[in-house]
Amino acid sequence: MTQPSAANETRPAIVPLALSAILNEPLPALGAFRGRVTDKRPHSKHTQLAQLTLAAVDRVEPIGSAFRVELKGSWADKAVRRLMKGDILVLLTTGMVILGNEGNKTQGNGAPRVRFDQGVTGWIRRKDGSEELWSFPDPERRSKPLSAATQPKSQSIPSTPSISATSSERTTAPSAPTNTADPAAVLLAAPSVDAETAPPTVPKVVHSAPYEGSRSRKRQRRDETLGWGLVTPGPRYLSLEALQELSQTTVRAALPAKRASIIAIVASVSDICPPKEDASVQNWYRQFRIVDPTKMDEAIELQWYWPTREGLPDLSAGQILLARNLLVRALPNGSPMLLSGSFSKTAHAILAPDLFRLKPPPGVAPATMSVGSSAQGVKDDVWVVEPSPEEVAYVRRLADWARRNSSTVDSARAKTAATAVSREETSNGSAPAVKVLPAAAGRPLLHVRDVEEGKFCDLLGMVTKIHTPAKLGTVPSNQAVSLYLTDYTPHARLHEYPDPSPVGLPGRLVLQISLFGSTSAPLAALMDVRTGEVKRGRLVWVRNVRVKLNRVGGLEGTLVEETNPKFRTRANVEVVDLRKKDHEEKWGPRAREIQSRHREYWAARSLLGARI
Numbered sequence: 001m002t003q004p005s006a007a008n009e010t011r012p013a014i015v016p017l018a019l020s021a022i023l024n025e026p027l028p029a030l031g032a033f034r035g036r037v038t039d040k041r042p043h044s045k046h047t048q049l050a051q052l053t054l055a056a057v058d059r060v061e062p063i064g065s066a067f068r069v070e071l072k073g074s075w076a077d078k079a080v081r082r083l084m085k086g087d088i089l090v091l092l093t094t095g096m097v098i099l100g101n102e103g104n105k106t107q108g109n110g111a112p113r114v115r116f117d118q119g120v121t122g123w124i125r126r127k128d129g130s131e132e133l134w135s136f137p138d139p140e141r142r143s144k145p146l147s148a149a150t151q152p153k154s155q156s157i158p159s160t161p162s163i164s165a166t167s168s169e170r171t172t173a174p175s176a177p178t179n180t181a182d183p184a185a186v187l188l189a190a191p192s193v194d195a196e197t198a199p200p201t202v203p204k205v206v207h208s209a210p211y212e213g214s215r216s217r218k219r220q221r222r223d224e225t226l227g228w229g230l231v232t233p234g235p236r237y238l239s240l241e242a243l244q245e246l247s248q249t250t251v252r253a254a255l256p257a258k259r260a261s262i263i264a265i266v267a268s269v270s271d272i273c274p275p276k277e278d279a280s281v282q283n284w285y286r287q288f289r290i291v292d293p294t295k296m297d298e299a300i301e302l303q304w305y306w307p308t309r310e311g312l313p314d315l316s317a318g319q320i321l322l323a324r325n326l327l328v329r330a331l332p333n334g335s336p337m338l339l340s341g342s343f344s345k346t347a348h349a350i351l352a353p354d355l356f357r358l359k360p361p362p363g364v365a366p367a368t369m370s371v372g373s374s375a376q377g378v379k380d381d382v383w384v385v386e387p388s389p390e391e392v393a394y395v396r397r398l399a400d401w402a403r404r405n406s407s408t409v410d411s412a413r414a415k416t417a418a419t420a421v422s423r424e425e426t427s428n429g430s431a432p433a434v435k436v437l438p439a440a441a442g443r444p445l446l447h448v449r450d451v452e453e454g455k456f457c458d459l460l461g462m463v464t465k466i467h468t469p470a471k472l473g474t475v476p477s478n479q480a481v482s483l484y485l486t487d488y489t490p491h492a493r494l495h496e497y498p499d500p501s502p503v504g505l506p507g508r509l510v511l512q513i514s515l516f517g518s519t520s521a522p523l524a525a526l527m528d529v530r531t532g533e534v535k536r537g538r539l540v541w542v543r544n545v546r547v548k549l550n551r552v553g554g555l556e557g558t559l560v561e562e563t564n565p566k567f568r569t570r571a572n573v574e575v576v577d578l579r580k581k582d583h584e585e586k587w588g589p590r591a592r593e594i595q596s597r598h599r600e601y602w603a604a605r606s607l608l609g610a611r612i
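Numbers 1 to 612, taken from UniProt numbering, label the letters of the sequence shown in order.
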């Protein structure tokens, strides 16, 4: 009798099986069972085994039904890694060996066991509703498989990997994809009721090419609306929608500690603004507005500051910007805003969309796709990076989306350009000014970089060191405690300390203030009673500091005791605690600004140390 050709063979129907019935009834030619993954044991290189525990998910199953699945072979390592607890797993019985429940007492009343040693084919339904094929063939079948040697006598071994047996009608159908255009979906489709006509053999399964199956196309469409953003072994890139959610769900006081990395399309670019002569922040400034598929209705503002013009990125509308570790702020309307750092150079890349498409232009090989205009590496003013393969793949996907939705992108760019800052408003260097908190009349609260000889001012900064000639609170009026204070803003006329520094920070960042007599008493709260050392990093406010020149021509501050009895009880030095309401109202924004610069400074030092 001649065998029918593969083209004329009819695929056998898949018979759904209950977990509780697998040991008690003969298996059909091709069956399938499903369960929820409740436990998994990783692959052992010694035994070549990985183990799964499945729990019943169908209402017709007895309560507490459990099943143990063993995967044996080098392929089992990748297979078990693809699964997570809570996933629903549908498995075909092809190549399955029933081991019974002997030696399985630790699983609770001897849960039944089966083993796959020729590979496994199935389907996963994730907890979020997504579906994917779970197929791992055995790449090496050098010896006779266990399924051919230990098969129960009641079942015969056909010439194909399937197990032939008398089929019985089942009433529980496994959940499976309904798209029959994909061969993988046909394999896992709901079975036919008439299982008696199933032929004894199963033709070889033909899988779709990568990213060409119906479910892959469906997944790509779903990713375009839900899957934007990228998680890599290094940075995690947020979509702009996720960035807005972060801004709205984070307490405003905690936002200065937040950092975000983004890959987005540049919608508009403002002119470069030089620093204003009377501004406290002497930085060049440029503003960008960015969009991505999750945020096309309203662009996100990105402000880039740097002491020199060369440190500002040269961007144009339509390009793709990759930027890491940007500061996150919130506008009054709740929308997020991104800022570049002040000390550490912002790692970024400027990418041309035409070079990063899923189908590159003719003559451009994927291996030649690089950042393009800017050279890679850390220079004096810029830090341009080469994207990783994961980042390149994401940029290609974003560029391809922008090409296919060019009208939407153009509309967003036009809308953004209409609301952007005009050239007339920025040509005079009108960058957003930094607020200076109100203080006493004629005596502002200054940054260290703004102090001037012969002037009186209030200062807020971090303590790096305290030197005291006596116990704090007992210092006589003719002696002074040296307080070393910084807000991480440099001043060219401060003393330049070496590296490593005896006062905690090298360079010209620390101002020495001499506190005479009882004015230093509040600093006792900063001393560690166990070690006698100062608790560095705490914030201190100092009132009415007189700035003068020391003996070597550098700037320093002095604060003397009040001679008027009326004001002797007034505090001129106060340790800042933002948990107190009045401290938060007085110094909250400035304190968080200093803490942010503190983190940026030490992060930059760490990066430089790592590169050295």
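The beta carbon of each residue, even a glycine, is placed where N, CA and C say it ideally should be.
Quick caveat, the model's predicted, so the values are computed rather than measured.
Give every residue of the same chain whose Cβ lies closer than 6 Å to the Cβ of Asp77, excluding the five residues on either side of it in the sequence, and list them in chain order.
The sequence position of residue 77 within the sequence shown is 77, counting from 1. Closer than 6 Å at Cβ, skipping near neighbours: His43.
Our contact map puts Asp292 next to Ser239 with C-beta atoms below 8 Å; I'd like the distance itself, whole angstroms only.
For the purposes of this step, residue 292 is identified with residue 292 of the sequence shown, where counting begins at 1. For the purposes of this step, residue 239 is identified with residue 239 of the sequence shown, where counting begins at 1. Indeed, because the Cβ distance is near 6 Å, the residues count as touching under 8 Å.
Expressed to the nearest angstrom, what Euclidean distance is found between the alpha-carbon atoms of Leu327 and Ala470?
Taking the sequence shown and counting its residues from 1, one reaches residue 327 at position 327. Taking the sequence shown and counting its residues from 1, one reaches residue 470 at position 470. The alpha-carbon atoms of Leu327 and Ala470 are separated by roughly 42 Å.
Give me whichever residues DSSP pairs with Ile300 in a beta bridge.
Counted from its first residue, the sequence shown places residue 300 at position 300. Ile300 pairs with Ile290.
Which residue wins for smallest C-alpha separation from Glu533, given the options His467, Val542, Glu593?
Reading the sequence shown from its first residue, position 533 is the one you call residue 533. Comparing Cα positions, the closest option is His467.
Would you kindly work out how many angstroms separate the C-alpha atoms of Gly35 and Ala349, rounded to a whole number?
Here residue 35 refers to the residue found at position 35 of the sequence shown. Here residue 349 refers to the residue found at position 349 of the sequence shown. The straight-line gap from Cα to Cα measures roughly 46 Å.
CA-CA distance, Asn24 and Ser135?
Translated into positions along the sequence shown, residue 24 becomes position 24. Translated into positions along the sequence shown, residue 135 becomes position 135. Taking the straight line from one Cα to the other gives about 27 Å.
Label Asn478 either buried or exposed according to how many other C-beta atoms from any shown protein chain fall within 10 Å of its C-beta, with 16 as the threshold for buried.
Along the sequence shown, read from residue 1 onward, the residue named residue 478 stands at position 478. Under the 10 Å beta carbon count, Asn478 is surrounded by fewer than 16 other beta carbons and is classified as exposed.
For Ser261 and Arg236, believed in contact at Cβ under 8 Å, the rounded distance:
Sequence index remark: in the sequence shown, residue 236 carries index 236 (1-based). Sequence index remark: in the sequence shown, residue 261 carries index 261 (1-based). Going by Cβ atoms, the distance from Arg236 to Ser261 rounds to 6 Å, so yes, they are a contact pair.
From what residue to what residue does the alpha helix (DSSP H) around Glu241 run?
As a position in the sequence shown, residue 241 is number 241, starting the count at 1. Counting along the chain, the alpha helix (DSSP H) containing Glu241 begins and ends at 240-249.
Is the beta carbon of Ala29 sitting closer than 8 Å to the one on Pro16?
As a first step, residue 29 must be located in the sequence shown, where it is residue number 29. As a first step, residue 16 must be located in the sequence shown, where it is residue number 16. If you check the CB distance, Ala29 and Pro16 do not come in under 8 Å.
Can you tell me which residues form a DSSP beta bridge with Leu331?
Here residue 331 corresponds to residue number 331 of the sequence shown, with the count starting at 1. For Leu331, DSSP assigns no beta-bridge partner whatsoever.
Using a Cβ distance threshold of 8 Å, determine whether the segment 322-336 contacts the segment 298-306, with at least three qualifying pairs required.
yes
Would you check if the distance between the CB atom of Val475 and the CB atom of Gly517 is smaller than 8 Å?
Indexing the sequence shown from 1 puts residue 475 at position 475. Indexing the sequence shown from 1 puts residue 517 at position 517. Closer than 8 Å, so yes.
If you draw a straight line from the alpha carbon of Pro256 to that of Val385, how long is it in whole angstroms?
As a working mapping, residue 256 is identified with position 256 in the sequence shown. As a working mapping, residue 385 is identified with position 385 in the sequence shown. Taking the straight line joining both Cα atoms gives about 25 Å.
Classify Glu56 as buried or exposed, calling it buried when 16 or more other Cβ atoms lie within 10 Å of its own Cβ.
In the sequence shown, counting from the first residue as 1, residue 56 sits at position 56. The residue asked about is misnamed: residue 56 is Ala in this sequence, not Glu. Buried, since its Cβ has 16 or more Cβ neighbours within 10 Å.
So, helix, strand or coil for Tyr601, using DSSP?
The residue given as residue 601 occupies position 601 in the sequence shown. Reduced to three states, the DSSP call for Tyr601 is helix.
So, for Arg536: in the same chain, excluding its five sequence neighbours on each side, which residues have a beta-carbon less than 8 Å away from its beta-carbon?
On the sequence shown, position 536 is the one that residue 536 refers to. Only Met462, Val463, Thr464, Lys465, Gly504 meet the Cβ criterion.
Here's the rule I'm using: 16 or more other beta-carbon atoms within 10 Å means buried, otherwise exposed. How should Asp297 be labelled?
Reading the sequence shown from its first residue, position 297 is the one you call residue 297. It is exposed - the Cβ of Asp297 has fewer than 16 other Cβ atoms within 10 Å.
Tell me whether Ser520 is buried or exposed, calling it buried when 16 or more other Cβ atoms sit within 10 Å of its Cβ.
Locating residue 520 in the sequence shown gives position 520, where the first residue counts as 1. Burial call: buried.
With Asp458 as the anchor, note down where its beta strand (DSSP E) starts and where it stops.
The sequence position of residue 458 within the sequence shown is 458, counting from 1. Its beta strand (DSSP E) spans residues 456-467.
For the beta strand (DSSP E) containing Val114, list its first residue and its last residue.
In the sequence shown, counting from the first residue as 1, residue 114 sits at position 114. Start and end: 113-116.
With distances taken Cα to Cα, identify the nearest neighbour of Glu496 among Gly119, Pro26, Gly554.
As a working note, residue 496 is residue 496 in the sequence shown. For Glu496, the nearest C-alpha among the options comes from Gly554.
One question on the structure: do Leu99 and Val114 come within less than 8 Å of each other, judged by their Cβ atoms?
Within the sequence shown, the letter at position 99 stands for residue 99. Within the sequence shown, the letter at position 114 stands for residue 114. In this structure, Val114 lies closer than 8 Å to Leu99 by Cβ.
Helix, strand or coil at Asp128 according to DSSP, with G and I counted as helix:
Residue mapping note: residue 128 aligns to position 128 of the sequence shown, counting from 1. Asp128: coil per DSSP, three-state reduction.
Three-state secondary structure assigned by DSSP to Trp75:
For this step, residue 75 is matched to residue 75 along the sequence shown. Correct three-state label for Trp75: coil.
Here's the rule I'm using: 16 or more other beta-carbon atoms within 10 Å means buried, otherwise exposed. How should Asn333 be labelled?
Working through the sequence shown from its first residue, we reach residue 333 at position 333. It is exposed - the Cβ of Asn333 has fewer than 16 other Cβ atoms within 10 Å.
Between the C-alpha atoms of Leu445 and Asp87, what's the straight-line distance to the nearest angstrom?
Start at 1 with the first residue of the sequence shown, and residue 445 comes out as number 445. Start at 1 with the first residue of the sequence shown, and residue 87 comes out as number 87. Taking the straight line from one Cα to the other gives about 58 Å.
Tell me which residues share the same chain as Arg170 and place their Cβ nearer than 7 Å to its Cβ, disregarding the 5 neighbours each side in the sequence.
Within the sequence shown, residue 170 is the residue found at index 170, counting from 1. In this predicted model, Arg170 has a pLDDT of only 41, less than 50, meaning its place in the structure is not dependable; the value taken from the coordinates is given anyway. Closer than 7 Å at the Cβ level, and outside the excluded window around Arg170, lie Val15, Pro16, Leu17.
Considering Cα atoms alone, identify which of Lys455, Thr47, Asp39, Glu391 is closest to Gly234.
As a first step, residue 234 is located in the sequence shown; it is residue number 234 there, counting from the start. Nearest to Gly234 by C-alpha distance, out of Lys455, Thr47, Asp39, Glu391, is Glu391.
Nearest-angstrom Cα separation, counted from Pro498 out to Leu607:
Taking the first residue of the sequence shown as 1, we reach residue 607 at position 607. Taking the first residue of the sequence shown as 1, we reach residue 498 at position 498. So the alpha carbons of these two residues sit roughly 19 Å apart.
Given that a residue counts as buried once 16 or more other Cβ atoms are within 10 Å of its Cβ, and exposed if not, what is Arg611?
For the purposes of this step, residue 611 is taken as residue 611 along the sequence shown, with counting starting at 1. Summary for Arg611: the model assigns pLDDT 42, below 50, so the residue's position carries little reliability; its value from the coordinates is reported in the next sentence. Exposed: under 16 other Cβ atoms inside 10 Å.
Quick test of your reading: Lys72 and Asp39, contact by CB under 8 Å. State the CB separation rounded to the nearest angstrom.
What you label residue 72 is simply residue 72 of the sequence shown in a count that begins at 1. What you label residue 39 is simply residue 39 of the sequence shown in a count that begins at 1. About 18 Å; that fails the 8 Å criterion.
DSSP puts Leu555 in a beta bridge; with which residues?
The sequence position of residue 555 within the sequence shown is 555, counting from 1. Leu549.
In whole angstroms, give me the CA-to-CA distance for Ala591 and Glu556.
Taking the sequence shown and counting its residues from 1, the one referred to as residue 591 is at position 591. Taking the sequence shown and counting its residues from 1, the one referred to as residue 556 is at position 556. Distance between the alpha carbons of Ala591 and Glu556: 22 Å.
Helix, strand or coil at Pro500 according to DSSP, with G and I counted as helix:
Residue mapping note: residue 500 aligns to position 500 of the sequence shown, counting from 1. Note: Pro500 maps to coil in three-state DSSP.
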